[in-house]
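Engineer: Residue numbers (the numbering used here): 9 to 403.
In structure tokens:
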């Protein structure tokens with residue numbers, strides 16, 4: 009019931025934000041001091057709308073985990089911890105890139121690392137491998153074997169051919185996940201033709217080198233894979249092969265990619281590095297995250313952009329409000345604020361068993377909140393209509 013209420017509350021919030029954006033875009037009295045409180049409320053609504061999807065998805069995931077534990081007497085705590093980060097900060101040459109954060113990576117976690125270029129994603133990946141040292145905090149590495157794929161294919165030797173790369177000790181067979189395979193048979197899985205066996209790595213194209221690097225990576229056994237932009241220079245068929253391997257992979261996976269479809273398909277959750285250098289866990293899909301960021305950026309621009317001053321005078325006599333309309337127009341902002349406060353109070357009460365039991369129960373409070381939101385929508389629309397009449401009377 010609480011989860012359903014959270015979802016409905018968020019849907020209503022988004023709907024209200026869209027209405028408020030229309031008001032801001034029109035610039036109807038948004039520049040006046042008496043409306044600045046409303047602008048501030050919109051900013052808070054924007055922040056709530058940004059956080060809600062992740063909170064809702066986290067609650068859903070926890071419910072699913074509890075149900076699984078109840079049915080199968082299995083707990084996620086039984087999974088082996090591969091990385092334990094406590095107040096860990098990331099940087100290069102004492103320059104801070106990521107603020108102190110506390111995170112854990114468990115066996116079978118699939119995590120996409122998201123952030124703008126230069127935000128410290130690659131530095132974090134290198135720190136997890138022990139190549140870079142953190143600026144502060146502690147990092148405990150429980151992973152025994154870590155496989156790494158980087159954009160520069162550092163583990164490939166351009167002077168060697170494919171046979172030497174896959175069979176450095178001679179022969180023509182390799183061990184792949186417990187199966188003994190001929191090199192060519194395995195190469196076919198990665199769309200590498202037989203004539204490539206004697207080719208030097210250095211003469212291959214970027215996409216071909218990436219295929220070789222990925223094929224080499226997946227020929228070995230690791231309990232954690234760290235991939236930095238694995239889909240760069242890959243064609244669609246090779247990306248499909250990579251997706252199949254990753255979906256069947258039983259270890260932990262931490263990867264960086266700007267491919268929306270790829271992240272949606274592979275990641276269970278995201279680690280997001282924001283503009284303030286904070287790293288947080290986000291349980292939305294990458295598509296949901298990008299769509300929300302685009303929408304909230306539009307809202308932010310609407311809130312922070314100062315409406316153009318209209319070089320006109322408003323002739324009060326042209327408004328022709330009746331006494332009742334003028335009274336309603338003056339009282340609506342306070343009424344809207346009061347309803348918003350009551351909704352917040354009721355929703356906060358729904359989060360506490362003691363509170364909702366003392367106030368009629370969860371179902372009663374949910375119905376009351378639903379009615380309040382309908383009333384709020386009606387009053388907001390009334391206010392818009394009156395504002396519109398004022399705007400139309402300006403000449």
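Cβ coordinates follow ideal geometry from the N, Cα and C atoms, glycine included.
Grab the span of the alpha helix (DSSP H) containing residue 171 for me, first residue to last.
Structural biologist: Here the alpha helix (DSSP H) through residue 171 covers 170-174.
Engineer: Determine the extent of the alpha helix (DSSP H) in which residue 343 is found, giving its start and end residues.
Structural biologist: 331-358 is the extent of the alpha helix (DSSP H) around residue 343.
Engineer: Which residues in the same chain as residue 171 place their Cβ atom closer than 8 Å to its Cβ, once the five residues preceding and following it in sequence are excluded?
Structural biologist: Excluding positions up to five away in sequence, the list reads 180, 191, 205, 206.
Engineer: Evaluate residue 214 with the Cβ neighbour count: other Cβ atoms within 10 Å of its Cβ, from every protein chain shown; 16 or more gives buried, anything less gives exposed.
Structural biologist: Exposed, since its Cβ has fewer than 16 Cβ neighbours within 10 Å.
Engineer: From the DSSP output, in three-state form, read off residue 112 for me.
Structural biologist: Strand, per DSSP.
Engineer: Whole angstroms is fine: what's the gap from residue 241's alpha carbon to residue 248's?
Structural biologist: So the two alpha carbons sit approximately 13 Å from each other.
Engineer: Indicate whether residue 89 and residue 287 have their beta-carbon atoms separated by less than 7 Å.
Structural biologist: Cβ distance not < 7 Å, so residue 89 and residue 287 don't count as in contact.
Engineer: Please determine, among 335, 252, 355, the residue with the shortest C-alpha to C-alpha distance to residue 394.
Structural biologist: Nearest C-alpha to residue 394: 335.
Engineer: Spell out a yes or no on whether the segment 223-237 and the segment 145-155 are touching, meaning 3 or more CB-CB pairs, one atom from each, closer than 8 Å.
Structural biologist: With the cut-off at 8 Å, the segment 223-237 and the segment 145-155 touch.
Engineer: Evaluate contact between the segment 107-123 and the segment 210-224, counting only Cβ atoms and requiring at least three cross-stretch pairs below 8 Å.
Structural biologist: The segment 107-123 is not in contact with the segment 210-224.
Engineer: Return the first residue and the last residue of the alpha helix (DSSP H) that residue 272 is part of.
Structural biologist: Where residue 272 is concerned, the enclosing alpha helix (DSSP H) stretches over 268-274.
Engineer: Residue range of the alpha helix (DSSP H) that residue 196 falls in?
Structural biologist: Element bounds for residue 196: 191-197.
Engineer: Cβ-heavy atom distance between residue 171 and the ligand NAP below 6 Å?
Structural biologist: Here there are no bound small molecules, and the ligand NAP is not part of this structure.
Engineer: Determine the direct distance from the alpha carbon of residue 352 to that of residue 187, and round the result to whole angstroms.
Structural biologist: Going by the C-alpha atoms only, they are around 59 Å apart.
Engineer: Using only alpha-carbon positions, find the residue among 387, 343, 161 that is nearest to residue 235.
Structural biologist: It is 161 whose Cα lies nearest to the Cα of residue 235.
Engineer: Considering only residues of the same chain and omitting the five flanking positions on each side of residue 239, which have a CB-CB separation below 8 Å?
Structural biologist: Answer for residue 239: 247, 250, 265, 267, 270, listed in chain order.
Engineer: I need the straight-line Cα distance from residue 19 to residue 128, nearest angstrom please.
Structural biologist: Between residue 19 and residue 128, the C-alpha separation is close to 34 Å.
Engineer: Would you kindly work out how many angstroms separate the C-alpha atoms of residue 169 and residue 209, rounded to a whole number?
Structural biologist: Looking at the two C-alpha atoms, the distance is approximately 6 Å.
Engineer: Beta-carbon within less than 8 Å of residue 21's beta-carbon, same chain only, minus the 5 sequence neighbours each way: which residues are those?
Structural biologist: Excluding residues within five positions, the ones whose Cβ falls inside 8 Å are 53, 56, 57, 60.
Engineer: Check this for me: beta carbons of residue 3 and residue 272, under 7 Å apart or not?
Structural biologist: Since the displayed the chain opens at 9 and closes at 403, residue 3 lies outside it and no answer follows.
Engineer: Spatial neighbours of residue 135 within its chain, please: C-beta separation below 6 Å, excluding the five flanking residues on both sides.
Structural biologist: For residue 135, where only same-chain residues beyond five positions count, the Cβ hits under 6 Å are 98, 142.
Engineer: Kindly indicate which three-state DSSP category residue 19 falls into: helix, strand or coil?
Structural biologist: Three-state DSSP puts residue 19 in a helix.
Engineer: In the structure shown, what three-state DSSP assignment does residue 246 receive?
Structural biologist: Three-state DSSP puts residue 246 in a helix.
Engineer: Do residue 9 and residue 370 have their CB atoms nearer than 7 Å?
Structural biologist: Against a cut-off of 7 Å, the Cβ pair of residue 370 and residue 9 comes out as a contact.
Engineer: Checking 7 Å against the spacing of the C-beta atoms, do residue 373 and residue 347 come in under that value?
Structural biologist: No, these two residues do not count as a Cβ contact at 7 Å.
Engineer: Exposed or buried, residue 259, counting other C-beta atoms within 10 Å across all chains shown (16 or more means buried)?
Structural biologist: With 16 or more other Cβ atoms within 10 Å, it is buried.
Engineer: Which stretch, first to last residue, makes up the beta strand (DSSP E) that contains residue 94?
Structural biologist: Where residue 94 is concerned, the enclosing beta strand (DSSP E) stretches over 89-100.
Engineer: Taking the C-alpha atoms as reference points, what is the distance between residue 216 and residue 227?
Structural biologist: For residue 216 and residue 227, the distance between alpha carbons rounds to 17 Å.
Engineer: Kindly indicate which three-state DSSP category residue 210 falls into: helix, strand or coil?
Structural biologist: Of the three classes helix, strand and coil, the one that applies to residue 210 here is helix, per DSSP.
Engineer: Using DSSP's beta-bridge definition, name the partner residues of residue 10.
Structural biologist: In DSSP, residue 10 forms no bridge with anything.
Engineer: So for residue 289, helix, strand or coil by DSSP?
Structural biologist: Strand, per DSSP.
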